[in-house]
Amino acid sequence: MNIFRLTGDLSHLAAIIILLLKIWKSRSCAGISGKSQILFAIVFTARYLDLLTSFISVYNTSMKVIYIGCAYATVYLIYAKFRATYDGNHDSFRVEFLVVPVGGLAVLINHTFSPLEILWTFSIYLESVAILPQLFMISKTGEAETITTHYLFCLGMYRTLYLFNWVWRFYFEGFFDMIAIVAGLVQTVLYCDFFYLYVTKVLKGKKLSLPA
Amino acid sequence: KQANQTKDEL
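Those sequence lines, one after another, are chains E and X.
What the first sequence shows, in our numbering, is residues 72 to 283, in sequence order.
What the second sequence shows, in our numbering, is residues 8 to 17, in sequence order.
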């Protein structure tokens, strides 16, 4: 555990909690892509099946349980409790265009050809693109609430900090995982455009709105 | 083993 890894995890946790609180307090999931949230629930489920097979640490287990629990709670709030506020018309990204190729890639490129390992790889690949429905929704409506941009910033920072963590682990432990690194780079690159808008607009007190 | 070491990450 190094500082990048820890702050990455905390950033991820912050993102998840910001989103839950935003929906809960405003009693509305307007502007939030339910499809992205379903993909994240799938990501956590596929990756953390090792909860049932191996114990790493109290920290590891509790974070996994919190992530999975919050992911399903978010999906429940969007598709059940506050369904009336869900903006399905603007959430029109075709997720099968992500899930099918990513599933194929996980079967083809993995560390070990075993069910758990393929599911882990699938979750790594899927996570890297799971935010696309949300970004697509923002580009379609041309704007995002400020609280939604804070959520996206924390979520983007999490994988960016993991990249630093992997550089650290490579230098100090000689450890690297090419699958995680490449997927993590892809994931971070997808946020670059958003990071730019966040710094130039939201941090200067303006609402994030895209030119028509 | 390389693959297992990443599993301590989230």
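The beta carbon of each residue, even a glycine, is placed where N, CA and C say it ideally should be.
The structure displayed is predicted, hence computed values, not measured ones.
In the structure shown, glutamate 216 (chain E) adopts coil according to DSSP, grouped into three states.
Nearest C-alpha to histidine 221 (chain E) among E:Ile87, E:Asp158, E:Leu197, E:Leu190: E:Ile87. Fewer than three pairs of CB atoms, one per stretch, sit closer than 8 angstroms, so the region 149–165 of chain E makes no contact with the region 74–90 of chain E. The beta carbon of asparagine 73 (chain E) does not come within 8 angstroms of any beta carbon belonging to chain X, so the residue lies off that interface. One Cα belongs to lysine 275 (chain E), the other to methionine 208 (chain E), and the distance between them is close to 23 angstroms. Distance between lysine 278 (chain E) and leucine 190 (chain E), taken at the CA atoms: about 39 angstroms. Contact annotation for isoleucine 127 (chain E) against chain X: Lys14, Asp15 [CB-CB distance below 9 angstroms, chain order]. DSSP places aspartate 80 (chain E) in the uninterrupted alpha helix (DSSP H) bounded by 74–97. Around the beta carbon of arginine 240 (chain E), 16 or more other beta carbons lie within 10 angstroms, which makes this residue buried. Within the same chain, Cβ atoms closer than 7 angstroms to the Cβ of isoleucine 109 (chain E) are found at Val146, the five residues on either side in sequence being excluded.
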